[in-house]
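Participant: Got a structure for you, questions after.
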Amino acid sequence: MDPQKNIRLEVMQQLESKVDGFIDQFLIPVEEIWQPTDFLPNSQGDSFYDEVTEIRELAKELPYDFWVVLVGDTITEEALPTYESWLMDVDGISQQDGGTSWSRWVRYWTAEENRHGDVLNKYLYLSGRVNMIEVERTTQHLINDGFDIGTDRDPYKNFVYTSFQELATYVSHNRVAKLARNYGNKSLAKMCKIISGDEMRHFNAYSTFVDEIFKIDPSNMMIAFKDMMKNKIVMPAMFLRESGDTMGSAFDEFSNCAQRIGVYTGNDYIDIMKRLIVRWDIEKLTGLNEEAEKARDFVTKLPARMERIQSRMKISDEITHFKWVNPALTK
1 MDPQKNIRLE VMQQLESKVD GFIDQFLIPV EEIWQPTDFL PNSQGDSFYD
51 EVTEIRELAK ELPYDFWVVL VGDTITEEAL PTYESWLMDV DGISQQDGGT
101 SWSRWVRYWT AEENRHGDVL NKYLYLSGRV NMIEVERTTQ HLINDGFDIG
151 TDRDPYKNFV YTSFQELATY VSHNRVAKLA RNYGNKSLAK MCKIISGDEM
201 RHFNAYSTFV DEIFKIDPSN MMIAFKDMMK NKIVMPAMFL RESGDTMGSA
251 FDEFSNCAQR IGVYTGNDYI DIMKRLIVRW DIEKLTGLNE EAEKARDFVT
301 KLPARMERIQ SRMKISDEIT HFKWVNPALT K
């Protein structure tokens with residue numbers, strides 16, 4: 001066995017005893033956590049049709065790029081089967097023989113995340129502003145196509161990735177919530193705001209996992225962090241496509257929409273990198289070997305380097321027409 005892989009397995013096994021405590025600390029019991037129907041019209045109630053009418057009327061105030069971003073966020077959330085299956089294959093996480101605390105974490109985390117796509121999908125359907133068959137086809141394509149996030153089965157790299165992504169989705173959903181509120185859509189704002197709260201809890205969990213690994217195996221954890229930053233964190237929806245198009249063909253234009261309306265930008269990417277450097281106290285780490293010291297030097301200098309590049313970047317103002325959203329039905 002690769003000695004590096006062997007070390008990672010030992011660390012994951014060493015942390016196993018803490019995972020049930022992490023579940024209690026960072027996740028919420030089913031009976032206590034919010035569910036999609038808490039934020040949607042009650043289909044058993046007499047006021048159901050009135051509430052749906054209100055959703056449809058308020059939805060008319062939301063502009064085209066907003067809808068594209070909301071659809072893209074929803075599809076990303078609904079590709080959850082890909083993310084769960086990927087994490088279940090990480091070294092140290094096993095479903096065999098009844099599973100482990102690590103596999104229980106992945107299942108419980110997945111169950112919480114599943115509610116996000118559920119509530120947003122139902123909202124899109126009720127809004128009347130979206131071509132749902134095209135949204136559904138894109139979701140199926142994204143799950144079919146899977147992804148390669150550059151982490152292989154390495155738990156260190158995977159936990160860096162999930163820490164970064166949970167913080168990125170917090171930023172994205174929180175910004176969408178603010179925009180929805182500005183357009184007078186309080187119900188949608190509430191949905192997105194509470195989703196962002198979940199993402200922040202999940203960020204706190206995955207960043208804690210990394211923190212624990214730094215205490216046990218600081219040099220290898222530092223090198224893994226550097227590798228992920230050097231190769232750049234790719235988005236979970238990197239293979240996004242519409243029906244009839246090639247894999248990944250829709251991602252750049254979706255990303256441009258998100259940047260145009262300020263939901264998630266290149267500067268946000270850099271800010272998240274800075275937050276992770278502070279969160280894991282990278283500049284004060286001790287006990288690093290020579291390779292890890294070089295990795296730390298690379299990581300701490302990277303945000304400034306990326307800021308210089310970002311300052312020269314220009315986002316296209318050209319509106320891309322997605323099959324998901326009919327321009328005639330938006331402002």
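Residue numbers (UniProt numbering): 1 to 331. By construction, the Cβ of each residue, glycine as well, lies at the ideal position given by its N, Cα and C atoms.
1. Assuming THR76 contacts ALA237 (C-beta within less than 8 Å), just tell me the rounded distance between them.
2. List the whole-angstrom C-beta distance separating SER101 from VAL19, where the pair is believed to meet the contact cut-off of C-beta under 8 Å.
3. What would DSSP say about VAL30, mapped onto helix, strand or coil?
4. Between the beta-carbon of MET235 and the beta-carbon of ILE270, is there less than 9 Å?
5. Residues in the same chain with beta-carbon distance under 6 Å from GLN13, minus the five sequence neighbours each way, listed in chain order, please.
6. Using alpha carbons as the reference points, say which of ARG153, ASP154, ILE149 and GLU61 lies closest to GLN165.
7. With which residues is VAL130 paired in a DSSP beta bridge?
8. Taking DSSP as the reference, what is the three-state secondary structure of LYS215?
9. Hey, would you say GLU61 sits closer than 9 Å to GLY248, going by beta carbons?
10. Relative to the C-alpha of GLU32, which residue among GLU283, SER103, ALA205 and GLU112 is closest?
11. Compare the C-alpha of GLU134 against each of LYS323, ALA328 and LEU329 and name the closest.
12. Beta-carbon separation of ARG107 and GLY99 under 9 Å?
13. Could you round the C-beta distance between VAL176 and LEU70 to whole angstroms and report it? I think they count as a contact, below 8 Å.
14. What did DSSP end up calling ARG241 once you bin it into helix, strand or coil?
15. Which of the three DSSP states is assigned to VAL234 in this structure?
16. State the DSSP-derived secondary structure class of ASN42, mapped to helix, strand or coil.
17. Could you check which residue in LYS230, GLY197, ILE261 and VAL68 has the C-alpha nearest to that of ASN326?
18. Short of 8 Å in beta carbon distance, which residues of its chain neighbour ASP211, apart from the five on each side in sequence? Order them along the chain.
19. Helix, strand or coil for ASN114 per DSSP?
20. Distance, Cα to Cα, VAL160 vs ARG56?
21. Are the stretch 214 to 226 and the stretch 183 to 200 in contact at 8 Å, needing three or more beta carbon pairs?
22. Pull up the distance between the alpha-carbon of GLY92 and that of GLU84, whole angstroms please.
Facilitator: Working from what's here:
1. Within the sequence shown, the letter at position 76 stands for residue 76. Within the sequence shown, the letter at position 237 stands for residue 237. Rounded, the Cβ-Cβ distance is 4 Å, consistent with contact.
2. Residue 101 sits at position 101 when you count from the first residue of the sequence shown. Residue 19 sits at position 19 when you count from the first residue of the sequence shown. In this structure, SER101 and VAL19 form a Cβ contact; the two beta carbons are roughly 4 Å apart against a cut-off of 8 Å.
3. For the purposes of this step, residue 30 is taken as the residue at position 30 of the sequence shown. Looking at VAL30 - three-state DSSP - the assignment turns out to be coil, as it is neither helix nor strand.
4. Counted from its first residue, the sequence shown places residue 235 at position 235. Counted from its first residue, the sequence shown places residue 270 at position 270. Cβ distance not < 9 Å, so MET235 and ILE270 don't count as in contact.
5. By one-based count along the sequence shown, residue 13 stands at place 13. Contacts found: none.
6. Within the sequence shown, numbered from 1, the residue matching residue 165 stands at position 165. Of ARG153, ASP154, ILE149 and GLU61, the residue nearest in Cα terms is ILE149.
7. Counting from one through the sequence shown, the residue named residue 130 turns up at place 130. According to DSSP, which records beta bridges pairwise, VAL130 is partnered with VAL325.
8. In the sequence shown, counting from the first residue as 1, residue 215 sits at position 215. The answer is helix: DSSP assigns LYS215 an H, G or I state.
9. Within the sequence shown, numbered from 1, the residue matching residue 61 stands at position 61. Within the sequence shown, numbered from 1, the residue matching residue 248 stands at position 248. No, these two residues do not count as a Cβ contact at 9 Å.
10. For this step, residue 32 is matched to residue 32 along the sequence shown. Ranked by Cα distance from GLU32, the first of GLU283, SER103, ALA205 and GLU112 is GLU112.
11. For the purposes of this step, residue 134 is taken as residue 134 along the sequence shown, with counting starting at 1. The residue with the shortest Cα to Cα distance from GLU134 is LYS323.
12. Reading the sequence shown from its first residue, position 107 is the one you call residue 107. Reading the sequence shown from its first residue, position 99 is the one you call residue 99. In contact: ARG107 and GLY99 (Cβ atoms closer than 9 Å).
13. Taking the first residue of the sequence shown as position 1, residue 176 is located at position 176. Taking the first residue of the sequence shown as position 1, residue 70 is located at position 70. Right, their Cβ atoms sit about 6 Å apart.
14. The residue given as residue 241 occupies position 241 in the sequence shown. Coil.
15. Indexing the sequence shown from 1 puts residue 234 at position 234. It is coil, neither helix nor strand.
16. Locating residue 42 in the sequence shown gives position 42, counting from the first residue. The three-state secondary structure of ASN42, taken from DSSP, is coil.
17. Within the sequence shown, numbered from 1, the residue matching residue 326 stands at position 326. Of the candidates LYS230, GLY197, ILE261 and VAL68, the one whose C-alpha sits nearest the C-alpha of ASN326 is VAL68.
18. Translated into the one-based positions of the sequence shown, residue 211 becomes position 211. Hits under 8 Å: ARG279 and TRP280.
19. Position 114 of the sequence shown holds residue 114. The answer is helix: DSSP assigns ASN114 an H, G or I state.
20. Against the sequence shown, residue 160 aligns to sequence position 160. Against the sequence shown, residue 56 aligns to sequence position 56. If I take the Cα positions, the gap works out to 40 Å.
21. Flag = no, the stretch 214 to 226 and the stretch 183 to 200 do not touch.
22. As a working mapping, residue 92 is identified with position 92 in the sequence shown. As a working mapping, residue 84 is identified with position 84 in the sequence shown. Rounded to the nearest angstrom, the gap between the Cα atoms of GLY92 and GLU84 is 15 Å.
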